[in-house]
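**Student:** Sequence order for the protein chains is A and B. In terms of numbering that gives the first Met the number 0, the first sequence is residues 0 to 414. In terms of numbering that gives the first Met the number 0, the second sequence is residues 0 to 414.
Number of protein chains: 2
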Amino acid sequence: MKLCALAKAAVKKVAALDDATINSALLAMADAIEGKATEILLANEKDIEAARGTVSDVMIDRLRLTESRIHAMADGIREITKLPSPLGVTLDKSTRPNGLVIEKVTVPMGVIAIIYESRPNVTSDAAALALKSGNVSILRGGKEAYNSSLAIVTAMKAGLSSVGVCEDAINLVSDTTRTSSYELMRASGYVDLLIPRGGAGLIRACVENSTVPCLETGTGICHIYVDADADTEKAISIIENAKTSRPSVCNAAEVCLVHKDIAKDFLPKLKEVLADKRAAAGQTPVELRLSEDALKIIDGTPAGENDFDTEFLDYVLAVKIVSSAAEAIEHITLHSTHHSDAIITENTAVADLFTKEIDSAAVYVNASTRFTDGGEFGLGCEMGISTQKMHARGPLGIRELTTYKYIIRGNGQIR
Amino acid sequence: MKLCALAKAAVKKVAALDDATINSALLAMADAIEGKATEILLANEKDIEAARGTVSDVMIDRLRLTESRIHAMADGIREITKLPSPLGVTLDKSTRPNGLVIEKVTVPMGVIAIIYESRPNVTSDAAALALKSGNVSILRGGKEAYNSSLAIVTAMKAGLSSVGVCEDAINLVSDTTRTSSYELMRASGYVDLLIPRGGAGLIRACVENSTVPCLETGTGICHIYVDADADTEKAISIIENAKTSRPSVCNAAEVCLVHKDIAKDFLPKLKEVLADKRAAAGQTPVELRLSEDALKIIDGTPAGENDFDTEFLDYVLAVKIVSSAAEAIEHITLHSTHHSDAIITENTAVADLFTKEIDSAAVYVNASTRFTDGGEFGLGCEMGISTQKMHARGPLGIRELTTYKYIIRGNGQIR
């Protein structure tokens, strides 16, 4: 891909920028996006026209830009300028007995490629995060948003150019077929890090086919375990929030495990809040898929074979009764995607056991799984949520887009 | 592979061990290796008998164990017990405006698989490093060393067992054909990190085929740039050390770049030390593969097309004259494998330019590239040298065998 060579050629120039220059480039990008709002909205209208009828209403909504969404994109970039630079940070420094001074310093990755869904705002977020961390970005967005992304990238490049920064710091892939995704996965020597964002199919394709280092993101089968010593009110409010505040996202809860000692009291309350009250208020009720013993306590759909291994991304919650915290931990260990899992309990010892044994990127005590998010974690914004263990786990902020090198200073040492 | 399931089942038990227990297990492993020295030497003799005539003398030497090498293996394990635990370290802790306390804590990876060459000592090093960092290891060593590795692993397992630690913490793959390597590369859900050690072919096979997170190690085309402002004596001594102290290893120098202003004075001295003096002393002289302009100054082999892109691992050094530090940086950027590269100069500004612009795991000023090594860096020992940028760069010590998780404590927070 020609773009890969352009991107690689820009690495040295971008790595040489200091943080003040990067910030002025980011501000210029934000201004340019607002300045070109009319052009961006026109391009977006074209995308929406073409997409109408071929994709769901939810997707059309994600695709749609408005004046206010464009301002939000620009403000998102401005927010990033307020973050301290993740570059040039000395992680370690030591003087060895032979006098060598070994320093471990953060540096950019080089070229970061992102394959993402048809969401125009990701185009500006990803480009800005990559630039703040000294990287060149290759953006491969979904085909439905291509015209919008092109207009946004054109504006951002104009912004870069206005402050004398190399336009090739940001690169948009024009081929939105699978071919370009596969090319990026195999672009060894050009792409230092590939981040696939999107559905399970894309992630799997990257894991299966990628020869470049690749960060798995996303899939979240998040659990909430309501312990025997749970505060019932907290539990209900947390589950309601984790399930219904935004069911389509990866940090939404999909499974609720309830300790047998409180199940009889707790399950009817859960059903009341998630199903009955919502239905009465004209909101989509949550469909409860219940294990056999739970079905003896409340009404609901009998849980099928796959219901404890499914990321519903919908108003559906699988519910199971467990006989102990240990059984809950065992279930989660077996079924979790290692994204975010929570325990609700007032018992510190049980909470400590849970946080020690659950092997997920984010393990919660008495809080909603919905907090797994770069902004909520104080990282600024994020490039996605890593569900693998290598390199970075959880929200990928600017720090996670860097690597390090060792600089060793001597005066003639030999070994 | 049945072994993968055994390994995965042991993860929780090994992760639950505290550092004192891990250290006593390591000491018991070391004692058991010494206690079973006779059995290990017998097994090794069998390996050597079988390998004789099929592999090189150098490889036979690497394969051979002696009483003193067995003690060295045991002592290597004992050294690891002196390192502080890399687990349970709080990397970050913050209280968010909503009261959530977010803590980022180091934890084991889980299962680490290592595919390595026929060197029995790697069996004990790798198992010990993995255990110290709370991980279960799957060891897939070269077929020539299988009997030796089996005897070592049998001893180590007896050591584990003697202090009540689960024997499945260490697993040796009995199938030494390619099939087992490919199975490990595709063992998604079982292997959390795969480390291939060995030749370029193995590394490439892992990069091409692996669906599990994989850390590229090894290949080192290391450069030494002798600047116009170099101290000639330091330069000669460093190049001699980097080239001849152990030519078969990845941190040995393969290419020397010399600034044109000093080439006429420097090259004859280089040739004298690397070639003439060594020949006179009955040592293997270094073959110099010279660029055209260098050939006008000293005698040597004309450099061929690939000589600046080859990891010789032998008494061969490619030599080229450059007209500036910038040209040296450009050459290295194009030809380096991003392992270790050095500049020899007394000019601080040029040294700073070099350390800033060279994008390698280890960048040296006035020291030998041979220092890129876990022990030399103060990491204890190492599992290999990473040449990729994701997760870890340079020597892989116990810290690099861990990941982290976020533990978030709240009192009912919802988003």
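Virtual Cβ for every residue (Gly too), placed ideally from N, Cα, C. Keep in mind it's a predicted model, so treat the numbers as computed, not measured.
Given Lys92 of chain A, which residues of its chain have a CB within under 8 Å of its CB, disregarding the five upstream and five downstream residues?
**Tutor:** As a first step, residue 92 of chain A must be located in the first sequence, where it is residue number 93. If we look at Lys92 of chain A and ignore the five residues flanking it on each side, its Cβ neighbours are Val100, Ile101, Glu102 and Lys103.
**Student:** Measure the Cβ-Cβ separation of Thr401 of chain A and Thr105 of chain A and say whether it is below 9 Å.
**Tutor:** One-based indexing of the first sequence puts residue 401 of chain A at position 402. One-based indexing of the first sequence puts residue 105 of chain A at position 106. Cβ atoms of Thr401 of chain A and Thr105 of chain A: closer than 9 Å.
**Student:** Kindly list, in the order they appear in chain B, the residues whose Cβ is closer than 7 Å to that of Leu99 of chain A.
**Tutor:** Residue 99 of chain A sits at position 100 when you count from the first residue of the first sequence. Per Cβ cutoff of 7 Å: Ala366 and Phe370.
**Student:** Of all Cβ atoms in chain B, is any one closer than 9 Å to the Cβ of Lys388 of chain A?
**Tutor:** As a working mapping, residue 388 of chain A is identified with position 389 in the first sequence. By this cut-off, Lys388 of chain A is an interface position.
**Student:** Does Ser244 of chain A have its Cβ less than 9 Å from a Cβ in chain B?
**Tutor:** On the first sequence, residue 244 of chain A is found 245 positions in, with the first residue counted as 1. Yes, its Cβ sits closer than 9 Å to a Cβ of chain B.
**Student:** I'd like the span of the alpha helix (DSSP H) that includes Ser236 of chain B, first residue to last.
**Tutor:** Within the second sequence, numbered from 1, the residue matching residue 236 of chain B stands at position 237. Unbroken alpha helix (DSSP H) run through Ser236 of chain B: Thr231 to Thr243.
**Student:** Output, in chain order, the set of chain A residues within a Cβ distance shorter than 7 Å of Met108 of chain B.
**Tutor:** The sequence position of residue 108 of chain B within the second sequence is 109, counting from 1. Within chain A, the residues near Met108 of chain B are Lys388.
**Student:** Tell me the start and end of each unbroken alpha helix (DSSP H) in the stretch 271 to 297 of chain A that is at least 4 residues and wholly inside, in chain order.
**Tutor:** Counting only runs of 4 or more, we get 276 to 279 and 291 to 294.
**Student:** Give the secondary structure of His390 of chain B by DSSP, where H, G and I count as helix, E and B as strand, and everything else as coil.
**Tutor:** In the second sequence, residue 390 of chain B corresponds to position 391, counting from 1. It is coil, neither helix nor strand.
**Student:** Ignore the nearest five residues each way along the sequence and tell me which others in Pro212 of chain A's own chain have a CB closer than 6 Å to its CB.
**Tutor:** As a first step, residue 212 of chain A must be located in the first sequence, where it is residue number 213. Leu192, listed in sequence order.
**Student:** Using a Cβ-Cβ cut-off of less than 9 Å, list which residues of the stretch 346 to 367 of chain A approach chain B; keep chain order.
**Tutor:** Result list: Ala350, Thr354, Lys355, Glu356, Ile357, Asp358, Ser359, Ala360, Ala361, Val362, Tyr363, Val364, Asn365, Ala366 and Ser367.
**Student:** Once you ignore the five residues that flank Asn240 of chain B on each side, which residues in its own chain have a CB closer than 8 Å to its CB?
**Tutor:** As a working mapping, residue 240 of chain B is identified with position 241 in the second sequence. Taken in chain order, the residues that qualify are Ser367 and Arg369.
**Student:** I'd like the list of long-range same chain contacts for Ser247 of chain A, defined as Cβ closer than 8 Å, with 5 residues on each side in sequence excluded.
**Tutor:** Translated into the one-based positions of the first sequence, residue 247 of chain A becomes position 248. Cβ within range, chain order: Val57, Leu312 and Asp313.
**Student:** Between A:Ala293, A:Thr332 and A:Thr231, which has its C-alpha nearest Val272 of chain A's C-alpha?
**Tutor:** In the first sequence, the residue the question calls residue 272 of chain A occupies position 273. Val272 of chain A has its Cα closest to that of A:Thr231, out of A:Ala293, A:Thr332 and A:Thr231.
**Student:** Residues of chain A with CB closer than 7 Å to the CB of Gly377 of chain B, please, in chain order.
**Tutor:** Within the second sequence, numbered from 1, the residue matching residue 377 of chain B stands at position 378. The answer, in chain order, is Ser93 and Arg95.
**Student:** For His337 of chain A, write down the residues that DSSP places opposite it in a beta bridge.
**Tutor:** As a position in the first sequence, residue 337 of chain A is number 338, starting the count at 1. Paired residues: none, contrary to the question.
**Student:** Scan the stretch 51 to 128 of chain B and note each continuous beta strand (DSSP E) run of 3 residues or more that stays entirely inside, going in chain order.
**Tutor:** Runs found: 89 to 94, 100 to 107 and 110 to 114.
**Student:** Any Cβ of chain A within less than 9 Å of the Cβ of Ser187 of chain B?
**Tutor:** Here residue 187 of chain B corresponds to residue number 188 of the second sequence, with the count starting at 1. So yes, Ser187 of chain B belongs to the interface.
**Student:** Looking at Thr175 of chain B: is its Cβ nearer than 9 Å to the Cβ of Glu38 of chain B?
**Tutor:** Position 176 of the second sequence, counted from the start, is the residue given in the question as residue 175 of chain B. Position 39 of the second sequence, counted from the start, is the residue given in the question as residue 38 of chain B. No, the Cβ-Cβ distance between Thr175 of chain B and Glu38 of chain B is not below 9 Å.
**Student:** State the CB to CB distance for the pair Ala360 of chain A and Gly383 of chain A, rounded to an integer number of angstroms; the pair is presumed to be in contact (CB under 8 Å).
**Tutor:** Taking the first residue of the first sequence as 1, we reach residue 360 of chain A at position 361. Taking the first residue of the first sequence as 1, we reach residue 383 of chain A at position 384. Between Gly383 of chain A and Ala360 of chain A the Cβ distance is about 11 Å, and since that is not below 8 Å, they are no contact.
**Student:** Go ahead and label Ala144 of chain B buried or exposed: buried means 16 or more other beta carbons lie within 10 angstroms of its beta carbon, across all protein chains shown.
**Tutor:** Numbered from 1 along the second sequence, position 145 holds the residue referred to as residue 144 of chain B. Answer is buried; the Cβ neighbour count reaches 16.
**Student:** Could you check where the beta strand (DSSP E) with Cys255 of chain A kicks off and where it finishes?
**Tutor:** Sequence index remark: in the first sequence, residue 255 of chain A carries index 256 (1-based). Ala252 to His258 is the span of the beta strand (DSSP E), which, as asked, contains Cys255 of chain A.
**Student:** Based on Cα-Cα distance, which residue from A:Lys142, A:Lys242 and A:Asp167 lies nearest to Asp46 of chain A?
**Tutor:** Translated into the one-based positions of the first sequence, residue 46 of chain A becomes position 47. Checking every option, the nearest Cα to that of Asp46 of chain A belongs to A:Lys142.
**Student:** Closest Cβ-Cβ distance between Tyr181 of chain B and chain A: below 9 Å?
**Tutor:** As a working note, residue 181 of chain B is residue 182 in the second sequence. Taking Cβ atoms only, chain A never reaches closer than 9 Å to Tyr181 of chain B, which makes this a no.
**Student:** So Glu207 of chain B contacts chain A; which residues on that side make the cut at Cβ distance below 7 Å?
**Tutor:** The residue you call residue 207 of chain B lines up with position 208 of the second sequence. Simply Thr210.
**Student:** Taking only three categories from DSSP, how would you classify Ala8 of chain B?
**Tutor:** As a working mapping, residue 8 of chain B is identified with position 9 in the second sequence. Reduced to three states, the DSSP call for Ala8 of chain B is helix.
**Student:** Indicate whether at least one CB of chain A lies closer than 9 Å to the CB of Val10 of chain B.
**Tutor:** Here residue 10 of chain B refers to the residue found at position 11 when the second sequence is read from its first residue. Answer yes: the Cβ-Cβ gap between Val10 of chain B and chain A drops below 9 Å somewhere.
**Student:** Which stretch, first to last residue, makes up the beta strand (DSSP E) that contains Lys404 of chain B?
**Tutor:** Position 405 of the second sequence holds residue 404 of chain B. First-last of the beta strand (DSSP E) with Lys404 of chain B: Thr401 to Gln412.
**Student:** Chain B partners of Ile297 of chain A, CB-CB under 9 Å?
**Tutor:** If you number the first sequence from 1, residue 297 of chain A lands on position 298. Simply none; closest approach about 23 Å.
**Student:** Examine chain A for any beta-carbon lying closer than 9 Å to the beta-carbon of Ala157 of chain B, and answer yes or no.
**Tutor:** Translated into positions along the second sequence, residue 157 of chain B becomes position 158. Output row for Ala157 of chain B: interface = no.
**Student:** Tell me whether the stretch 339 to 354 of chain B and the stretch 187 to 203 of chain B touch, counting them as touching only if at least three CB pairs, one residue from each stretch, are closer than 8 Å.
**Tutor:** Counting Cβ pairs under 8 Å, fewer than three are found: no touch.
**Student:** Is Lys103 of chain A near the ligand PLP, with its Cβ less than 8 Å from a heavy atom?
**Tutor:** Looking at this structure, you won't find the ligand PLP or any other ligand, since it has none at all.
**Student:** Of the choices B:Gly303, B:Arg288, B:Asn305 and B:Glu304, whose alpha-carbon is the least far from that of Ile297 of chain B?
**Tutor:** Along the second sequence, one-based indexing puts residue 297 of chain B at 298. When each option's Cα is compared against that of Ile297 of chain B, the closest is B:Arg288.
**Student:** Measuring CB to CB, does Ile331 of chain A end up less than 9 Å from His222 of chain A?
**Tutor:** Stepping through the first sequence from its first residue, residue 331 of chain A is reached at position 332. Stepping through the first sequence from its first residue, residue 222 of chain A is reached at position 223. Contact: yes.
**Student:** Can you name the residues that DSSP bridges to Tyr363 of chain A?
**Tutor:** In the first sequence, the residue the question calls residue 363 of chain A occupies position 364. Paired residues: A:Ala341 and B:Ile407.
**Student:** What is the rounded straight-line gap between the Cα of Leu378 of chain A and the Cα of Asn250 of chain A?
**Tutor:** In the first sequence, residue 378 of chain A corresponds to position 379, counting from 1. In the first sequence, residue 250 of chain A corresponds to position 251, counting from 1. The alpha-carbon atoms of Leu378 of chain A and Asn250 of chain A are separated by roughly 17 Å.
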